[in-house]
Each structure stands twice: as structure tokens, then as C-alpha cells.
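Peer 1: Read left to right, the sequence shown gives residues 41 to 694 (this note's numbering). Take this structure first; my questions come after.
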Amino acid sequence: MAEAETKSIDNASIKMIEKAAADGANTAFDRAETMKPCPIGAEGTCCKNCGMGPCRVPLPKGKEETPKEKKERRGICGATAETIAARNFIRMIAGGAAAHSDHGRGVAKLFLAVAKGEAPGYEIKDEQKLLQLALDFGVTIGDRSNNEIAIDIGEKALAEFGKQEGEVLFLRRAPLKRQELWRREGIAPRGIDREIVEIMHRTHIGVDQDYRSLLRQGVRASIADGWGGSMIATELQDILFGTPAPVLGRINLGVLKRDEVNLIIHGHEPLLSEMIVVAAQEPQMIELAKSKGANGISIAGMCCTANEILMRHGVPLAGNFLQQELAIVTGAVDVMVVDIQCIMQSLTTVAECYHTKIITTSPKAHIPGAIHIEFDEHNAMESARAIVRTAIENFPNRGSNIDIPKEQTNLVAGFSHETINYLLGGIYRASYRPLNDNIINGRIRGVAGVVGCNNARVKHNENHVTMVKELIKNDVLVLQTGCSAIACAEAGLMTPEAAEYAGEGLASVCEAVGIPPVLHLGSCVDNSRILMAATAMVKDGGLGDDISELPVAGAAPEWMSEKAISIGQYFVGSGVFTVFGATWPTLGSPEVTEFLFKDLENICGGMWAFEPNPIKAAHLMIDHIDKKRKALGIDKARERILYDMAMRRELEAA
Ligand code: SF4
Ligand code: MSK
Numbered sequence: 041m042a043e044a045e046t047k048s049i050d051n052a053s054i055k056m057i058e059k060a061a062a063d064g065a066n067t068a069f070d071r072a073e074t075m076k077p078c079p080i081g082a083e084g085t086c087c088k089n090c091g092m093g094p095c096r097v098p099l100p101k102g103k104e105e106t107p108k109e110k111k112e113r114r115g116i117c118g119a120t121a122e123t124i125a126a127r128n129f130i131r132m133i134a135g136g137a138a139a140h141s142d143h144g145r146g147v148a149k150l151f152l153a154v155a156k157g158e159a160p161g162y163e164i165k166d167e168q169k170l171l172q173l174a175l176d177f178g179v180t181i182g183d184r185s186n187n188e189i190a191i192d193i194g195e196k197a198l199a200e201f202g203k204q205e206g207e208v209l210f211l212r213r214a215p216l217k218r219q220e221l222w223r224r225e226g227i228a229p230r231g232i233d234r235e236i237v238e239i240m241h242r243t244h245i246g247v248d249q250d251y252r253s254l255l256r257q258g259v260r261a262s263i264a265d266g267w268g269g270s271m272i273a274t275e276l277q278d279i280l281f282g283t284p285a286p287v288l289g290r291i292n293l294g295v296l297k298r299d300e301v302n303l304i305i306h307g308h309e310p311l312l313s314e315m316i317v318v319a320a321q322e323p324q325m326i327e328l329a330k331s332k333g334a335n336g337i338s339i340a341g342m343c344c345t346a347n348e349i350l351m352r353h354g355v356p357l358a359g360n361f362l363q364q365e366l367a368i369v370t371g372a373v374d375v376m377v378v379d380i381q382c383i384m385q386s387l388t389t390v391a392e393c394y395h396t397k398i399i400t401t402s403p404k405a406h407i408p409g410a411i412h413i414e415f416d417e418h419n420a421m422e423s424a425r426a427i428v429r430t431a432i433e434n435f436p437n438r439g440s441n442i443d444i445p446k447e448q449t450n451l452v453a454g455f456s457h458e459t460i461n462y463l464l465g466g467i468y469r470a471s472y473r474p475l476n477d478n479i480i481n482g483r484i485r486g487v488a489g490v491v492g493c494n495n496a497r498v499k500h501n502e503n504h505v506t507m508v509k510e511l512i513k514n515d516v517l518v519l520q521t522g523c524s525a526i527a528c529a530e531a532g533l534m535t536p537e538a539a540e541y542a543g544e545g546l547a548s549v550c551e552a553v554g555i556p557p558v559l560h561l562g563s564c565v566d567n568s569r570i571l572m573a574a575t576a577m578v579k580d581g582g583l584g585d586d587i588s589e590l591p592v593a594g595a596a597p598e599w600m601s602e603k604a605i606s607i608g609q610y611f612v613g614s615g616v617f618t619v620f621g622a623t624w625p626t627l628g629s630p631e632v633t634e635f636l637f638k639d640l641e642n643i644c645g646g647m648w649a650f651e652p653n654p655i656k657a658a659h660l661m662i663d664h665i666d667k668k669r670k671a672l673g674i675d676k677a678r679e680r681i682l683y684d685m686a687m688r689r690e691l692e693a694a
């Protein structure tokens with residue numbers, strides 16, 4: 041038991057790590073022990089961009105490098121450690137931005153098909169948001185039907201990906217000062233695909249060989265992700281499936297049911313999972329399940345698909361990235377259906393120890409050993425029914441080796457940017473004014489976006505929960521997405537009662553508005569909601585003219601994916617100080633690291649930091665928030681409040 045306890049802070053996961061060991065199922069927790077990272081690659085100084093390499097140019101350890109040695113420390117083509125580290129870093133951005141944006145493209149294609157009446161089963165659910173987007177995109181509303189408007193929006197959205205000139209349209213949503221900065225610095229993205237392709241071109245052997253211009257292109261591509269591909273995904277998904285509103289849910293492996301068919305939906309896109317949720321409720325499916333001896337059909341989510349269906353339907357959430365194999369280890373999962381991103385190839389080998397069937401659904405994501413039932417937007421309901429039927433048929437094949445941990449926790453999710461607006465200001469005068477006022481009067485010190493993955497190199501969920509508790513204790517309101525949101529929800533931080541962990545000022549606001557101190561904003565692409573929330577704070581006034589002036593900070597304390605690097609870079613590129621934990625991929629080049637951690641502040645108003653200790657990282661964020669409060673001249677208000685509290689404590693003690 042002691043060994044499993046060193047791998048996760050979550051009791052349900054600890055139990056399943058133990059069970060996996062007993063069952064002989066090899067998981068990421070085991071592989072992280074046997075597979076040690078290459079120290080040169082980890083620091084970003086290994087290049088394999090051509091057939092003469094790989095070339096390794098590590099920083100010499102334990103001795104001062106002479107200027108001659110530094111000059112000669114190059115790859116065969118002459119590339120320096122700076123060039124190699126910068127190329128590797130922005131190739132990560134390209135990978136992450138491509139993943140988010142291809143997701144956005146898929147949503148735009150479905151959106152257009154729905155508008156044209158070619159995707160039965162789907163409909164436009166949020167008319168208000170449709171009309172808002174029409175205004176943003178300059179689409180005529182007049183007396184046209186929703187579908188006519190939606191066709192124009194869908195075509196404009198799709199065109200954003202292949203656009204060659206001009207600017208990504210959603211840049212216009214940013215504060216004016218930010219737009220001007222992007223244009224002045226030459227980092228306003230022209231088209232989404234173009235910026236990603238340009239990274240691949242510039243990083244080819246013998247093209248861009250100045251780390252500063254390479255890194256600037258990285259910023260430009262990341263902005264195309266956050267304010268382009270990801271924002272398109274979020275906006276169009278909201279119009280198609282409904283903009284999330286607060287919803288009560290349950291979370292952790294304990295949501296699996298012993299007496300029901302368990303179907304887990306894992307990945308990132310809500311396109312098919314929305315249909316699976318509907319198919320599982322059809323009377324003929326429930327009848328079929330009963331005929332196989334089950335009491336019903338239970339759907340649970342995993343990773344970001346989970347966040348999507350939780351936010352809109354309250355579907356229970358089984359866990360985050362490092363719990364995907366552990367769910368199968370329960371022995372109670374009849375089907376795990378996956379789409380794209382963050383799906384471990386080992387799911388099929390873990391499943392061999394049990395009865396679970398793995399079903400892939402995306403034409404872009406196949407896994408040997410899985411069943412492939414391809415998602416066809418023109419016939420989505422049929423694919424969904426086939427998947428549900430497969431799960432039901434597999435229910436009788438469950439063995440006796442079943443152990444579902446009892447752990448499950450309540451959470452409140454569904455905090456879209458619009459919902460926060462309504463909750464704070466009321467439906468008729470929706471506004472961020474109360475948030476800004478409480479920041480100005482010091483009850484709320486600032487706002488932090490804490491996002492990102494699990495990383496098998498650090499104890500599962502520990503950094504997320506420790507950092508977020510420290511932030512709310514210091515009156516910082518926390519906005520979350522992705523696996524970080526799942527980690528904190530599992531720790532019980534997403535209920536109004538969690539205000540007990542918050543400082544007095546933040547707790548008083550949470551109690552007055554009726555919100556938890558930690559708000560769940562959705563999946564990885566929904567980090568675009570955090571950009572919109574920050575923009576709304578600027579536009580409401582009193583906190584400066586740009587995102588970089590706000591008392592806000594970002595973090596991904598257990599990041600691992602390229603998408604997380606792209607997200608972090610667009611936070612920074614939008615003016616937000618952003619701290620990553622776990623590991624940092626440019627430490628082999630002090631110049632590149634210095635550019636990202638310091639010089640970028642002069643270009644973007646935001647910069648990166650790396651701090652693996654989550655408490656220290658939280659205090660870097662708090663210090664930054666205090667620095668911004670001081671610059672805004674609102675630091676005194678908070679000091680007064682702190683003085684009052686101290687006085688009160690003294691009085692109580694007397
Ligand atoms: Fe080596 Fe240059 Fe080829 Fe990279 S591009 S592998 S540094 S020769
Ligand atoms: S799923 S990108 S592990 S957050 Fe979005 Fe989680 Fe990171 Fe994947």
C-alpha cells in the first residue's frame with residue numbers, strides 16, 4: 041500500500057494501482073518507474089530534425105564552459121543549442137495548436153452540416169449565442185432563419201483555418217490595447233493553419249536560426265490557437281450543444297455501477313458523445329440492457345470529453361488522464377469509447393486483463409487491438425447506437441474480479457463565461473462589475489487560471505490540489521479546465537462548501553453569490569473561456585486597459601501535453617504571467633529560457649516561469665497579482681481589509 045500511496049493523492053486511484061499490481065496489469069505508474077527520461081531531450085537540446093542527427097548539444101554540467109567551447113557546441117548543420125531548444129519548443133506549440141485547431145475544424149464542419157440540414161439528430165441549441173457570433177463575424181441577421189445565419193457563420197469559421205492574409209477574426213474580441221500590441225509586434229496570427237505550417241517550415245534544417253524570431257512565431261501560432269481554433273471549438277459547440285450553466289455532478293471512479301452497463305466516453309470532442317448520451321436513454325436500449333441482466337446503462341466521462349458532457353448534461357465524471365487505465369482495472373467497464381487526444385495506447389493491453397472493449401471512433405485516431413466504429417456526422421445516431429449496443433452485449437462477459445472504489449464526490453460545474461456574467465450581475469444586467477468591484481475593494485485578491493494535465497512524473501493530482509488550496513486561502517478566485525479541474529473536483533474543491541478553504545474575503549464573496557471558490561469552465565479548448573473572462577474584466581473597467589494590467593495569473597502544475605505548452609504560450613501572449621510545474625523543456629539553453637521567462641514581458645506583457653513546488657509556484661502567482669494591484673493603485677484597499685481582520689482576531693482573542 042505504501043508504494044501506491046506515493047503515486048497518487050486520490051484514494052480511489054491508490055486502490056486501483058494496488059489492484060492493477062495484483063492483477064498483473066501494467067500501467068503508466070509502472071512505466072514511469074522503469075522508463076527514465078533522457079536528460080538531454082528533457083532540457084530541449086537534442087535535435088532530430090534531419091537525417092544527420094540526432095545531434096545532442098547539452099550544457100556542460102559541473103564546469104564553466106569557455107567561449108570557444110560554447111561556440112563549438114553545435115549540431116552537424118551548425119545549429120546552436122539556442123536554435124535547437126527554440127525549435128523544439130515551438131514544435132511543441134505547433135503540435136498543441138494543431139490538435140486544438142483540428143478539433144475546432146471538426147466542430148466547424150459539423151456545424152455547417154447541421155446548418156445545411158445534413159446532420160440529422162443535431163440542432164442549434166443556443167440561438168442567443170448564434171446571433172452574438174453573427175455580430176462578431178459580420179454576418180447579416182435581418183429576418184433570415186437561424187440556419188441561413190448559421191451557414192454563413194460555419195463558412196466563415198471554416199475559412200479561418202486556411203486564411204492566408206489579414207487576421208484571425210476573434211482577435212477583434214480582445215481589448216483594443218492588446219490588439220494594437222499584437223499588430224505592433226508582428227505576432228497577430230493571419231490564419232490558423234498558416235501559423236502552424238510556418239512553424240514546421242521555420243524549424244526545418246537551415247531555415248530560421250535566430251531563437252528570438254523562432255519564439256516569436258511560437259507566440260503567433262499559439263494566439264491562433266487560443267483566439268482562433270480553440271475559441272471556434274468552444275463557441276460552435278456551445279451553439280450546437282448549449283452554453284453550459286451550473287450543474288451538479290458526481291466525480292471519481294465510484295460513479296461506475298456494479299449492476300449497470302458501464303460505458304466510458306474518453307477523449308476531447310463532444311460531437312459523438314452527445315449522441316451516445318441520447319442513445320443510452322432510449323427505451324429499446326434500456327430493455328436490451330435488462331435482457332442481459334443489467335439494471336440500466338450508466339455513462340461516465342474521462343478527461344475532456346467528460347468535462348464537455350458534465351458541463352452540459354451533468355453526466356458523471358470517472359476521472360482524469362492518469363485514471364484512464366485505472367477505470368478498466370475496476371473490471372466493471374464494459375466499453376471505453378475514445379475519440380481524439382490524451383488516449384493511452386496501453387488501454388487495449390490493460391483491457392486484455394479484463395473484459396473491457398476499447399472502441400475508437402475518429403478517422404484520425406486508430407489503436408491496434410481496438411474495435412473501430414467510425415463517427416459519421418451524417419449518421420451519428422447509428423454510430424452511437426452501435427457503440428451502446430456493443431457495451432450492453434459485453435456486460436455478461438464481466439468476470440468476478442470486480443472492485444469499484446466507493447469514492448465519489450459532488451461538484452458544481454458549468455461556469456461558462458456567460459454564466460459567470462449572469463451569476464455576478466443577474467440576467468438583465470449581466471456584467472463582471474461585482475467581480476471587478478470585489479477585486480478593487482480587496483475581498484478578492486485576484487484571479488488565477490489553473491489548468492492542464494496529469495504527469496506520471498509527479499504524484500497524481502497533488503500539485504493541482506496543493507496549488508489551488510494555497511491560492512484560494514490567499515483570496516485568489518480560481519478558474520479551471522481540463523484534468524486540473526477534475527483533480528480539484530475529486531478533492532472536493534468545487535462545491536460551495538469549499539469556501540471553508542478560502543480566505544475570509546473570497547469566502548464572503550462566494551457565500552454572497554453562491555459559487556464555489558474554484559470554478560469549472562470546461563475542457564482544454566475551453567481555456568478560450570478564460571481569455572473571454574479576462575477580456576470582460578478589462579472591458580468592465582477599473583482594472584486597466586489590457587489583460588496584462590489585470591491582477592491575474594495562470595498555471596499548469598502537472599502539464600505534460602504539447603497542447604498545454606500552446607495554452608501556456610497563448611496565456612503569456614495575451615499578457616498573463618504563467619507558471620508551469622513538473623518539468624521545463626528549454627533548461628538546456630539559458631538564453632531561450634531567459635527570453636521566455638523575462639524578455640517576453642517586454643514584448644507581450646506576460647511571461648513564463650517554472651516552479652515544480654506548487655506552494656512556491658502559488659506564491660509566485662500571488663506576488664505577481666500583488667504587483668499588478670500595486671500598479672493599479674488598489675493595493676491599499678486590500679491592506680485595509682487585512683488590517684480589519686487582524687484587528688478582529690485581536691478582539692476575539694482578548
Ligand atoms: Fe543535427 Fe542540424 Fe540535423 Fe538537427 S537539423 S539533427 S542539429 S544536423
Ligand atoms: S485531457 S491535454 S491530459 S488536461 Fe484535455 Fe487532460 Fe492535458 Fe489531455
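Yeah, the Cβ is synthetic: ideal placement off N, Cα and C, and Gly gets one too.
Going by DSSP, which residues form a beta bridge with TYR68?
Peer 2: As written in the sequence, residue 68 is Ala, which differs from the Tyr given in the question. In the DSSP output, where bridge partners are listed per residue, ALA68 has none listed.
Peer 1: Less than 8 angstroms between the beta carbons of VAL508 and VAL558, yes or no?
Peer 2: Contact flag set, yes.
Peer 1: Which stretch, first to last residue, makes up the alpha helix (DSSP H) that contains ASN642?
Peer 2: Its alpha helix (DSSP H) spans residues 640-644.
Peer 1: Taking all protein chains shown into account, decide if ARG352 is buried (16 or more other Cβ within 10 angstroms of its Cβ) or exposed.
Peer 2: By the neighbour-count rule (16 or more Cβ atoms within 10 Å), ARG352 is buried.
Peer 1: Taking the Cβ atom as the reference point for each residue, do VAL632 and GLN448 lie within a distance shorter than 8 angstroms?
Peer 2: No. Outside cutoff.
Peer 1: Going by DSSP, what residues sit across from ASN450 in a beta bridge?
Peer 2: Beta-bridge pairing links ASN450 to ARG290.
Peer 1: For CYS78, count the other beta carbons within 10 Å of its own beta carbon; 16 or more makes it buried, fewer makes it exposed. Which is it?
Peer 2: Its Cβ having fewer than 16 others within 10 Å, CYS78 is exposed.
Peer 1: Under a three-way DSSP split, which group does THR575 fall into?
Peer 2: Looking at THR575 - three-state DSSP - the assignment turns out to be helix.
Peer 1: Tell me whether ALA552, by its Cβ, gets closer than 7 angstroms to a heavy atom of the ligand MSK.
Peer 2: No.
Peer 1: Cα separation between ASP63 and SER53?
Peer 2: Rounded to the nearest angstrom, the two C-alpha atoms are 15 angstroms apart.
Peer 1: If you follow the beta strand (DSSP E) that HIS560 is part of, which residue opens it and which one closes it?
Peer 2: 558-562 is the extent of the beta strand (DSSP E) around HIS560.
Peer 1: Examine the ligand SF4 and report whether any of its heavy atoms sits within less than 7 angstroms of the Cβ of ALA119.
Peer 2: True, at least one ligand heavy atom lies under 7 angstroms from that Cβ.
Peer 1: Alpha helix (DSSP H) containing GLY341: first to last residue?
Peer 2: Note, GLY341: premise wrong, no alpha helix (DSSP H); beta strand (DSSP E) at 337-342.
Peer 1: Which value, in whole angstroms, describes the spacing of the CA atoms of ARG569 and ILE383?
Peer 2: Going from the Cα of ARG569 to the Cα of ILE383 covers about 24 angstroms.
Peer 1: Hey, could you find the ends of the beta strand (DSSP E) HIS306 is sitting in?
Peer 2: 301-307 is the span of the beta strand (DSSP E), which, as asked, contains HIS306.
Peer 1: Can you tell me whether DSSP reads HIS406 as helix, strand or coil?
Peer 2: DSSP places HIS406 in coil when its eight states are reduced to three.
Peer 1: Output the distance between the C-alpha atoms of GLU45 and VAL378, rounded to the nearest integer angstrom.
Peer 2: In a straight line, the C-alpha of GLU45 is about 29 angstroms away from that of VAL378.
Peer 1: ALA604: beta carbon under 7 angstroms from a heavy atom of the ligand MSK?
Peer 2: Flag set: Cβ of ALA604 near the ligand MSK.
Peer 1: Going by alpha carbons, who is nearest to ILE555 out of ILE326, PHE361, LEU464, ASN501?
Peer 2: The option with the nearest alpha carbon to ILE555 is LEU464.
Peer 1: So, using beta-carbon positions, are CYS564 and HIS140 closer together than 8 angstroms?
Peer 2: Yes, Cβ-Cβ distance for CYS564 and HIS140 is below 8 angstroms.
Peer 1: Can you find a CB in chain D that lies within less than 8 angstroms of the CB of ASN503?
Peer 2: The structure shown contains no chain D; it is built from a single protein chain.
Peer 1: Cβ atoms of ILE349 and THR506: under 8 angstroms apart, would you say?
Peer 2: No. Outside cutoff.
Peer 1: Can you look up ARG242 in the DSSP assignment and give me helix, strand or coil?
Peer 2: Of the three classes helix, strand and coil, the one that applies to ARG242 here is helix, per DSSP.
Peer 1: Which first and last residues belong to the alpha helix (DSSP H) in which LYS217 is found?
Peer 2: 216-224 is the span of the alpha helix (DSSP H), which, as asked, contains LYS217.
Peer 1: How is ARG483 classed by DSSP in three states: helix, strand or coil?
Peer 2: Here ARG483 sits in coil by DSSP.
Peer 1: Nearest to GLU200 by alpha carbon, out of TRP267, ASP248, LEU221, GLU225?
Peer 2: Nearest of TRP267, ASP248, LEU221, GLU225 to GLU200, Cα basis: TRP267.
Peer 1: Find out if the Cβ-Cβ distance for the pair GLN520, HIS560 is shorter than 8 angstroms.
Peer 2: The answer is yes: Cβ separation under 8 angstroms.
Peer 1: Who are the near neighbours of ASP426 in its chain, counting only those whose CB is closer than 8 angstroms to its CB and skipping five residues on each side?
Peer 2: Note on identity: in this sequence residue 426 is Ala, with Asp being the wrong assignment. Excluding residues within five positions, the ones whose Cβ falls inside 8 angstroms are ILE413.
Peer 1: To which residues of the same chain is LYS332 closer than 8 angstroms at the C-beta, ignoring the five residues directly before and after it?
Peer 2: If we look at LYS332 and ignore the five residues flanking it on each side, its Cβ neighbours are VAL301, ILE432, GLU433, PHE435, PRO436.
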